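In the order they appear, the protein sequences are chains A and B. Per my numbering: the first sequence = residues 1 to 130. Per my numbering: the second sequence = residues 1001 to 1116.
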Amino acid sequence: MRLSVNLDLLDHQVTDAEKLPIARVDDLEISVPEDGSGDEPLVTGLVLGTEAAGHRIGGRVGAVMASASARLRDRAQSGPPIVAVDRVEQVRPFLVLTDAFPDLPQVARLEHWLRRHVVAPDRGGDRADQ
Amino acid sequence: MRISELLGRDVVGPDGAAWATVVDVHVDAPVPAGRGSAGPWSVAGLVLAPAPTSTWTAWLHFTGLTQARVAGPLRPLARGARAQARYLAARDVARWSGEALVAEPVRARPLEEVDR
């Protein structure tokens, strides 16, 4: 399947295995080959979340977006969440991952926090998915 | 590297002269109906707007209007910009590092010849 980054990927909705919207594609991670090798770059991951969107937008607005989102990031994470492309099972009309939302703690951290502390604080975060 | 770093990047020939700008990237994604993709995703090619490009043509490219189905008064403008667009296979890029990509202009072909 041949895709256009602009038309088919960037800013497109990403859902988990249960079709729950969790993020949008804000950038793609690629590995470039050595100069002169004739090889094609490989797309290694989808970069999700507001932090990546802020970097892509740039300027003062983008910097504020990226900074605010980075504050919610796990300290062990060095940048915005990246989902490997081998976790993608569908691309059109929206991207579907092979994992369920609870199995993607690095994605949509604000939503995870809200689930644990606001939506179901008495029942526990795990049971909020039932 | 991020895809966003490719978009808007200049393409220069071996002599250093700029001849195009990257406006889109095509990716081959072997995603089957089952769980998980069947193989690596690769960058197949680059959609280029020839340099120099007017601001209006650049806007048409960046909004995707030159590749999407466009109706109404923008259609002839989008088709005109699309007719100027070029497609460069990723394997024909000699250098990916640096401020500009390096590739020979003769390697690019009209975008309309490419069946996406």
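Where is the CB? At the ideal position from N, CA and C, for every residue including glycine. Small disclaimer: the values here were computed from a predicted structure and weren't measured.
query, result
"Same chain only: Cβ atoms within 8 Å of A1044 (chain B), ignoring 5 sequence neighbours per side", "H1026, V1027, D1028, A1089, A1090"
"Backbone secondary structure at L20 (chain A) - three-state DSSP", "coil"
"Stretch pair the stretch 1007 to 1021 of chain B + the stretch 1098 to 1111 of chain B: three plus CB contacts closer than 8 Å", "yes"
"Per DSSP, cross-strand counterpart(s) of D103 (chain A)", "None; D103 (chain A) has no bridge partner."
"Residue burial classification, M65 (chain A) (beta-carbon count within 10 angstroms, cutoff 16)", "buried"
"Other residues of its chain near G45 (chain A): CB distance less than 8 Å, five sequence neighbours each side excluded", "L28, E29, I82, V83, A84, V85"
"Cα-Cα separation, S69 (chain A) to V25 (chain A)", "15 Å"
"Terminal residues of the beta strand (DSSP E) in which H1026 (chain B) lies", "1018 to 1028"
"CB contact check: R2 (chain A) to chain B, cutoff 7 Å", "yes"
"Residue of B:V1114, B:P1073, B:L1074, B:G1098 minimising C-alpha distance to Y1087 (chain B)", "B:V1114"
"Exposure of A1081 (chain B), with buried meaning 16 or more beta-carbon neighbours within 10 Å", "buried"
"Partners in chain A for A1085 (chain B), counting only beta-carbon separations shorter than 8 Å", "Going along chain A, no residue has its Cβ under 8 Å from A1085 (chain B), so there is no contact; the nearest lies around 12 Å."
"Secondary structure of A1082 (chain B), DSSP reduced to three states", "Before going on, a small fix: residue 1082 (chain B) reads as Arg here, not Ala. It is helical."
"Inter-residue spacing [alpha-carbon to alpha-carbon] between L20 (chain A) and G1013 (chain B)", "46 Å"
"Against chain A: residues of the stretch 1039 to 1071 of chain B by CB proximity under 7 Å", "P1040, W1041, S1042, V1043, A1044, G1064, Q1067, A1068"
"7 Å Cβ cutoff met for I1003 (chain B) and V5 (chain A)", "yes"
"Own chain, CB closer than 8 Å to G1064 (chain B), minus 5 neighbours either side, in chain order", "D1024"
"Cβ-based contacts, 8 Å cut-off: residues of the stretch 76 to 102 of chain A near chain B", "V85, D86, R87, V88, E89, Q90, V91, T98"
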